[in-house]
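For reference, the structure discussed in these notes is given below.
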Amino acid sequence: MSAYAALKANSVDGDSSTSTPVNVDEIALQYVRNSDDECSDDEYKFATPDITNLVASVNDSKCPSPSLPRQRITQSNFLPSESCLQIEDDCVIVTLERGDFIMIKGMFKLRILQGNIRVNNCYELNSDTDCTYTFFSTDFHSLPVIANASTENSEMSVVSKIKLINYHTGFSNSTRKLLPFRLIASSDDQNEMLKHFTFQVVIQSDNNIGMFVDESWVNYFGSSAAISPYNLIVMGNKNAGKSTFCKSLSDYLRFQKKQSVVIMDLDPGQSDNSSPYCMSLSIQLPDGACTTSGHVFDKSEEYYGFDSPLDAPSRYLEVTRKLYKIYCSRYKQKGYRLIVNTPGWIKGFGKTLLQKVTIIVNPSDLILLTSNLSLEFEENQAVLQGMSYVKATLLPGVFHLPPTAPSQFRNNNKLLYFHHRISNDFEFSHSILNQSPERLSYQVGGSGQGIYGVSILNYAVDASFDFNNIPTLLSCTIWGVYSTSSPCGEVLIRDGNNNIYPNLIRSKDLDLVLGTGSQFLGLLIIHSINIRDHYLNVYAPPSVSKKVKDTLIANSKIVLVRGEGSIPSIELMAEKFLHAGVVTQSQDPHSNLSKTCIPYVSTRGKAKVGGVWKVRRNILRRSQRR
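Residue 185 in UniProt numbering is what sits at position 185 of the sequence shown, and the numbering runs on without skipping anything.
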C-alpha cells in the first residue's frame, strides 16, 4: 500500500457534530395562524419522496447509520532533501516520489515538469501541456494538497516533478491586519529556507488543514449526473461543506472535463465568491486558476445588504431571481454549468426560502450533504419535502468547524475587498485611514450634481423624518453603489427645511427608482459628510471609483443603498496605535498602555473593590441568601 493510500486508511476523524445548530428562525419568527408552521412535528406527516429519484452514495442503503470517512491532513508527508528539493532565486523545484504529497500555504504558480499530479484528491494535472497554474489560497481556507498521482498498477511515470514559482500579490503583508493578535512564528529550518518566497511548504503540523476531497464526492464527480448540462443545487446543514463541494465540483469540471462553470452563491453570510453583503454569479473558466478563494474570478453581483436571508427575505428572493435571469441571458446559451450554493438554514422559514429558491432556479439535480446516508432517515426526507428537483443524491457532509469564526471570516472578506487594487494585487502595507478619502458630491433637492439619493433598507422613512440624523446614518458604514437612468424624482424625500442633506429614497420605492436598467457598481465606505459644500468623503477600490466617475460623466444617476454595513473594527483605528499597543502588551503585560497614546482609550487596570473588580461577583440573589 502506498503512503498516500495509507494516510487515507489511517485518517483521523475531525471535529464533527450531527446536532442541529440553533436556528435564528426559532427565536425571531412569528408564525401565521392556520399555517403549516402551527402544526406540531408529531402531527405533521412527511410525504415520502419518490425513492426512485433518490440516490445514496453507499453500497448498502439499508444501513441505518453508515460510517462516514473524515480525512484530515495537517502537514506534508514529503521529507525535504537535496535530491528532491531544489531552491532557486524565485522558485522551488520539488520531486515527489510515488505516495508523496505536499501541503502548501500562500500564493504560488505551479508548473508540472514531469509526470502527473493529483490536486486535493479531486483532479489530475499532467506535464503534457506547457501550462502554468495559479494558486490563490488564504489562511482562513483549507490549503491545497498536491500529490504524486502514480499508483502501483499505473503505467505513468513513478516520479512527479513540479516547479513552485513566487506569486506576488501583496497579500503577504496582510497577516497582521487580518489576524492582528495571532503570533505567527516558526523555528523550522525549512521554513527559514523558504522565508523569502510567497508560499510555504507545510512540513510540520500547524493550525491549517489541507483540502482532501472525500472519495464519495470524487465518484459522484465522475458520474454522468455531475457532467450533465442541467442545473445543480447543493443543500445541507451549517458547516456541512457546501462551499467546498461547489468549489471541488467546479475544479473537477474545469480541469478534468474542460467545462466552464457558473457558481450562483446564495449565502451572503459566508461566501467564498461574493463581495461583502452581496450575492453573485462566479464565472469560472478552465484557464488555470486554482484557488480556494473566489476573488480571482469574474462575477456578476447584486447587492443584498445583510448577512442572513432572515433580515430581508423578500429582497433575498428578488436578488435570486435577478441573478438567475442574468445566468439565463448570458451564460446558459454558452453551455456553462450552473451550480447553486445555498445557506445552511434548512429548517423552519429557512426551508421555506429554499423551496422558493428551487422553484426559481429549477434544478435537475439536488445534492444533500448529510450525516446519515439512509434514504429512510426522517431528517433527510424532511429537508427534501417540498423541494423542486428531478433527482436527489445524498452525499456525506464534512462536519467540522471552519478555521475562523463566521464574524472573522466576514471581516476578512471586507478587508480583501477594500484593499484590492488591480488584477490580483492587494495593498495591505497601510490602513485605509492612512490615505485621504475621495470626494463624492450629492444632489440637494433637484439641483446639483453627484449622488441622486440614498436608501437605507429596512429603515422607516416618512414625512416627519429628521434630516439631522443623516450624518449618523451615513458615516462609517459600507454602501452599495448603483447607476440608473430612471426618472423618478417624485418619490424622493427632500430636505425641505435645511437644504443641506442628500435626498432619501424609501425602501419600498427603491425598485421604482433603480428600474430595470440599473447596474451594480460595487461597494464604498462613507467616511463623513460635508454639509456646507454638499459632498461625501468616501473610500472605494480603484475599480469602483472608476465606474462611479464614468457613470457621472455619462450623466447617469448614482444611488447609494445600505443594509447592515458595519466596517471591520481594525480599520477604525490607525494601525500604528493598534500595533504599538499589541507590542507593548506582549512585552510587558503589566505595562501602562496609555504610553502608546491611543486617543480616547485608557487601558489602565481597574481598581478592585473588596478584592475583585467585578462588583456583581459576590452579590447573591434573594433566594440564595440564607
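For each residue, glycine too, the CB sits at the ideal point set by N, CA and C.
Three-state secondary structure (DSSP) of residue i
| i | result |
| --- | --- |
| Cys476 | coil |
| Glu215 | helix |
| Asp298 | strand |
| Tyr220 | helix |
| Leu504 | strand |
| Leu310 | coil |
| Leu514 | helix |
| Asn166 | strand |
| Leu113 | strand |
| Phe255 | helix |
| Lys195 | coil |
| Asn468 | helix |
| Val319 | helix |
| Gln333 | helix |
| Lys347 | coil |
| Ile27 | Residue placement at Ile27 cannot be trusted, given a pLDDT of 36 that sits under 50; what the coordinates show is reported in the next sentence. Ile27 falls in the helix class under three-state DSSP. |
| Leu552 | helix |
| Cys246 | helix |
| Asp462 | coil |
| Glu571 | helix |
Contact under 7 Å by Cβ, residue i with residue j
| i | j | result |
| --- | --- | --- |
| Asn237 | Pro363 | no |
| Val145 | Phe212 | yes |
| Val513 | Cys488 | yes |
| residue 629 | Leu143 | Given a span of 1 to 626 for the chain in the structure shown, any question on residue 629 remains unanswerable. |
| Arg330 | Ile456 | no |
| Leu373 | Leu394 | yes |
| Leu440 | Val538 | yes |
| Gly453 | Asn503 | yes |
| Leu369 | Gly241 | yes |
| Gly106 | Thr198 | yes |
| Leu323 | Leu281 | yes |
| Thr404 | Ile360 | no |
| Leu568 | Lys414 | It should be noted that the sequence gives Pro, not Leu, for residue 568. A contact, by the Cβ cut-off of 7 Å. |
| Thr74 | Ser248 | no |
| Val491 | Ile367 | no |
| Leu266 | Thr342 | yes |
| Ser274 | Pro396 | no |
| Phe426 | Phe171 | yes |
| Val444 | Asn499 | yes |
Paired residues, beta bridge with residue i - DSSP
| i | result |
| --- | --- |
| Ile104 | Val201 |
| Ser483 | Gln519 and Ile558 |
| Asn341 | Val234 and Asp265 |
| Phe135 | Phe108 and Cys290 |
| Thr95 | Lys161 |
| Tyr303 | Cys278 |
| Arg118 | Glu124 and Ala147 |
| Asn537 | Arg439 and Ser528 |
| Gln86 | Ile93 |
| Val491 | Answer is none; Val491 lacks a bridge partner. |
| Gln284 | Val261 |
| Ile456 | Arg562 |
| Gly210 | Leu143 |
Own chain partners of residue i with C-beta closer than 6 Å, once the 5 adjacent residues on each side are dropped
| i | result |
| --- | --- |
| Gln585 | At Gln585 the pLDDT is 44, less than 50, meaning the model places this residue with poor confidence and gives no usable figure here. |
| Lys161 | Thr95, Leu113 and Gln114 |
| Arg118 | Glu124, Ala147 and Ala149 |
| Gly386 | Gln355 |
| Phe245 | Val234 |
Cβ-based neighbour list, residue i, same chain, cut-off 8 Å, excluding 5 preceding and 5 following
| i | result |
| --- | --- |
| Phe78 | Cys84, Val94, Leu96, Asp100, Phe101, Ile102, Val201 and Ile203 |
| Val544 | Val481, Leu521, Gly522, Leu523 and Leu524 |
| Ala289 | Tyr133, Thr134, Phe136, Val296 and Phe297 |
| Phe409 | Phe140, Gln270 and Pro402 |
| Gly517 | Thr484, Ser485 and Ser486 |
| Ser250 | Val261, Ile263, Gln284 and Ile339 |
| Trp479 | Val454, Leu523, Leu524, Ile525, Ile526, Leu560, Val561, Arg562 and Gly565 |
| Cys91 | Lys163, Leu164, Ile165 and Asn166 |
| Lys109 | Thr132, Tyr133, Thr134, Phe135, Leu164, Ile165, Asn166 and Tyr167 |
Sequence-distant residues of its chain with Cβ nearer than 7 Å to residue i (five each side left out)
| i | result |
| --- | --- |
| Val257 | Position check: residue 257 holds Lys in this sequence, whereas Val was assumed. Ile227, listed in sequence order. |
| Arg98 | Ser2, Asn148, Ser150 and Val158 |
| Glu302 | Cys278, Met279, Val319, Lys322, Leu323 and Phe520 |
Test: residue i CB closer than 7 Å to a CB of chain B
| i | result |
| --- | --- |
| His420 | Reference to chain B is not applicable here, since this structure consists of a single protein chain. |
### Query
At what residue ranges does the segment 350-381 contain a whole run of the beta strand (DSSP E), taking only runs of 3 or more?
365-370
### Message
Just to confirm the assignment: which complete alpha helix (DSSP H) runs, minimum length 4, are found wholly within the segment 374-450?
### Response
DSSP runs (the alpha helix (DSSP H)) wholly in the segment 374-450: 378-384 and 406-418.
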